[in-house]
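Trainee: The numbering of the sequence shown is our numbering, which starts it at 15 and goes up by one.
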Amino acid sequence: MPRPRTHDSENCWSGVTDPKKRKQIQDRLAQRARRQRLAAKHHDASSKTTSASSATSAQDRSASAAAARQVPHTGTLALAFSIPPSPSTLSAGVVIPQTAAPVLDPAPDLHPDIPPTVYAALFTNGLILSIPCAYASPFPSTSPPCPDAPPDLQPTALQLSTPHARWIDRFPFPRMRDNFILLTVGEGEGVGAVGVLDQEALLGDLFCMESFVIREGGKAWEGADWTIVKGFEERWGWLFC
15 MPRPRTHDSE NCWSGVTDPK KRKQIQDRLA QRARRQRLAA KHHDASSKTT
65 SASSATSAQD RSASAAAARQ VPHTGTLALA FSIPPSPSTL SAGVVIPQTA
115 APVLDPAPDL HPDIPPTVYA ALFTNGLILS IPCAYASPFP STSPPCPDAP
165 PDLQPTALQL STPHARWIDR FPFPRMRDNF ILLTVGEGEG VGAVGVLDQE
215 ALLGDLFCME SFVIREGGKA WEGADWTIVK GFEERWGWLF C
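(1) To the nearest angstrom, how far is the alpha carbon of Cys147 from that of Ala179?
(2) DSSP three-state label for Val227, please.
(3) Keeping to the same chain, check which residues put their C-beta closer than 7 Å to that of Arg189; ignore five residues upstream and five downstream.
(4) Using the C-alpha atoms, what's the distance from Ser175 back to Thr198?
(5) For Asn139 versus Arg191, is the C-beta distance shorter than 8 Å?
(6) Can you tell me whether Trp240 is buried or exposed, with buried defined as 16 or more other CB within 10 angstroms of its CB?
(7) Shortest alpha-carbon distance to Ser157 belongs to which of Ala135, Ile182, Leu136, Phe137?
(8) Out of Glu236, Arg229, Pro154, point me to the one whose CA is closest to Val243's CA.
(9) Can you give me the Cβ contacts of Ile195 inside the same chain, cut-off strictly under 8 Å, excluding the 5 residues immediately before and after it?
(10) What's the call for Lys233, buried or exposed, on a 16-neighbour Cβ count within 10 Å?
(11) Relative to the C-alpha of Phe153, which candidate in Asp32, Gly200, Leu52, Ile39 has its C-alpha closest?
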């Protein structure tokens with residue numbers, strides 16, 4: 015409990031007759047009064063600042079609470095952008111539309127600038143047979159009828175009836191294609207694979223060593239215009255027998 019202020023006899027100058035001492039008491043009292051005024055002013059300023067801060071904090075809390083009441087609670091963070099569902103969340107019954115295959119040029123003879131290499135020839139034959147590289151399927155399938163194809167590229171009866179890797183259809187050698195199918199039948203289907211011919215080894219040699227030479231001015235779709243290189247023939251010539 016605060017105590018009452020006591021009379022300070024040392025600072026009472028009413029009964030002091032000495033002018034010098036009287037002046038000292040008056041100066042001391044003036045300094046005390048000045049310090050009290052400064053202290054009171056500082057206290058008022060601090061109180062106003064605290065009040066303003068409290069009011070601002072209260073307003074912020076009120077605004078946040080109001081915003082929270084307006085946003086329905088979903089249990090997850092609401093983002094400003096949408097994230098597509100991962101493939102694992104898609105229903106097994108959803109059918110993803112396939113991109114349509116491009117319309118191929120049925121007249122490869124309109125491309126005289128294609129260099130006479132085995133790769134250009136295989137690409138050209140793929141155009142004739144509507145087997146674009148960008149749409150190659152990893153699953154074996156039968157060859158569709160292609161009545162407009164040149165004789166050496168016409169699908170054989172085995173090609174039309176037996177699922178196989180379609181890339182072999184590009185070669186203008188019917189016997190080679192049939193031998194390939196007979197030696198790889200069942201591969202990619204999980205059962206009954208013969209597995210006599212190593213497709214990876216054949217493709218590896220096709221890309222990594224000299225395999226065929228196309229006659230200058232020859233046609234990619236005519237087997238007579240292809241010449242097998244000796245090293246490749248030693249490894250794979252039996253496919254053509």
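Ideal Cβ positions, reconstructed from N, Cα and C, are used throughout, including at glycine.
Mentor: Short version:
(1) Distance between the alpha carbons of Cys147 and Ala179 is about 13 Å.
(2) DSSP places Val227 in strand when its eight states are reduced to three.
(3) Around Arg189: Phe254.
(4) The C-alpha of Ser175 is placed about 14 Å away from the C-alpha of Thr198.
(5) Cβ atoms of Asn139 and Arg191: not closer than 8 Å.
(6) It counts as buried.
(7) Checking every option, the nearest Cα to that of Ser157 belongs to Ile182.
(8) Considering only Glu236, Arg229, Pro154, the residue with the shortest C-alpha distance to Val243 is Arg229.
(9) Leu172, Gln173, Thr176, His178, Ile182, listed in sequence order.
(10) Buried.
(11) It is Gly200.
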